[in-house]
Ligand code: HEC
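In our numbering, the protein residues as written are 12 to 219.
Written out as structure tokens, the structure reads:
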């Protein structure tokens, strides 16, 4: 720095200032004009998605850095996690043998296929499942689940990419007796006769 003449420093500072001003003005126009599309069936401009990706990745790794990872190899945890995953996550993240869903095709950003891709740092994965991700459709499961249940899911996610559809089915089948499971309750008796009287009464109540 000491070798640069002050004249060059001043003009460099002015140029940078002008660029910063132009960028700020551009952002203000982009936001307030309403021209930018928030439609989920149109991708972001590349620079916007680059910024959002950086923002998400840096935010998650910073917020997750103090998370303490338990032992994730316990088969009971993995089975519990599989059951929760099958009830809560497959619509968006798929599973072995589950290759598509109606909700997933319309989501933007597209949820990663966790059955194929696998997961990275368990700290970041735990944090993401617990707190969710703004403006993406990824819910904060920590509002309805204990940390323990979330760790079970993390334990399962680490194994899922190496599972065959049969192994996955066997796993979610074996733990299906848990009343907390999201699987349909087959034991519940169906009402054999629809209540016609009630529906008539309903119509009379509202008949004009
Ligand atoms: C309604 C759809 C939806 C549901 C349901 C959902 N997610 Fe997500 N999830 C997303 C989306 C979308 C992203 C990507 C967010 C992004 O890229 O900004 C995501 C991201 C993630 C990530 C981060 C992946 C990565 O890139 O590292 C993990 C892990 C994850 N979800 C796990 C789960 C688990 C476990 C469940 C069930 C308990 C679940 N998700 C349920 C939509 C969903």
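Beta carbons are placed, not taken as given, at the ideal position from N, Cα and C, and that holds for glycine.
If you're wondering where the values come from, they're calculated on a predicted model, not measured in any experiment.
Boundaries (first-last residue) of the alpha helix (DSSP H) holding residue i
{"i": "residue 133", "result": "133–142"}
{"i": "residue 23", "result": "17–44"}
{"i": "residue 93", "result": "86–99"}
{"i": "residue 59", "result": "57–74"}
{"i": "residue 125", "result": "125–128"}
Rounded separation between residue i and residue j - CA only
{"i": "residue 80", "j": "residue 169", "result": "13 Å"}
{"i": "residue 140", "j": "residue 19", "result": "51 Å"}
{"i": "residue 116", "j": "residue 100", "result": "14 Å"}
{"i": "residue 147", "j": "residue 21", "result": "43 Å"}
{"i": "residue 85", "j": "residue 74", "result": "26 Å"}
{"i": "residue 72", "j": "residue 36", "result": "31 Å"}
{"i": "residue 60", "j": "residue 42", "result": "15 Å"}
{"i": "residue 136", "j": "residue 17", "result": "50 Å"}
{"i": "residue 191", "j": "residue 106", "result": "Residue placement at residue 191 is poorly supported in this model, since its pLDDT is 40, which falls under 50; the coordinates still yield a value, given next. If I take the Cα positions, the gap works out to 20 Å."}
{"i": "residue 164", "j": "residue 55", "result": "31 Å"}
{"i": "residue 138", "j": "residue 23", "result": "42 Å"}
{"i": "residue 46", "j": "residue 40", "result": "9 Å"}
{"i": "residue 49", "j": "residue 58", "result": "15 Å"}
{"i": "residue 178", "j": "residue 38", "result": "50 Å"}
{"i": "residue 124", "j": "residue 26", "result": "45 Å"}
{"i": "residue 122", "j": "residue 114", "result": "10 Å"}
{"i": "residue 32", "j": "residue 142", "result": "35 Å"}
{"i": "residue 127", "j": "residue 28", "result": "47 Å"}
{"i": "residue 95", "j": "residue 53", "result": "32 Å"}
{"i": "residue 281", "j": "residue 76", "result": "A question about residue 281 goes unanswered here, because the residues of the chain that appear run from 12 up to 219."}
{"i": "residue 30", "j": "residue 62", "result": "18 Å"}
{"i": "residue 110", "j": "residue 69", "result": "30 Å"}
{"i": "residue 82", "j": "residue 159", "result": "12 Å"}
{"i": "residue 119", "j": "residue 149", "result": "10 Å"}
{"i": "residue 65", "j": "residue 104", "result": "22 Å"}
C-beta neighbour in chain D for residue i, strict 9 Å
{"i": "residue 163", "result": "The displayed structure is made up of one protein chain only, and chain D is not part of it."}
Contact check, residue i vs residue j, beta carbons under 9 Å
{"i": "residue 176", "j": "residue 108", "result": "yes"}
{"i": "residue 144", "j": "residue 152", "result": "no"}
{"i": "residue 90", "j": "residue 167", "result": "yes"}
{"i": "residue 51", "j": "residue 183", "result": "no"}
{"i": "residue 112", "j": "residue 102", "result": "yes"}
Backbone secondary structure at residue i - three-state DSSP
{"i": "residue 160", "result": "helix"}
{"i": "residue 171", "result": "helix"}
{"i": "residue 112", "result": "coil"}
{"i": "residue 178", "result": "helix"}
{"i": "residue 151", "result": "coil"}
{"i": "residue 106", "result": "strand"}
{"i": "residue 51", "result": "coil"}
{"i": "residue 80", "result": "coil"}
{"i": "residue 117", "result": "helix"}
Check your understanding: Can you list every residue whose CB sits closer than 7 Å to some heavy atom of the ligand HEC, going in chain order?
Key -> Around the ligand HEC, the residues whose beta-carbon falls short of 7 Å from at least one of its heavy atoms are 67, 95, 96, 99, 100, 102, 103, 104, 114, 118, 120, 121, 122, 123, 125, 130, 131, 135, 136, 139, 140, 144, 147, 148, 149, 150, 152, 164, 168, given in chain order.
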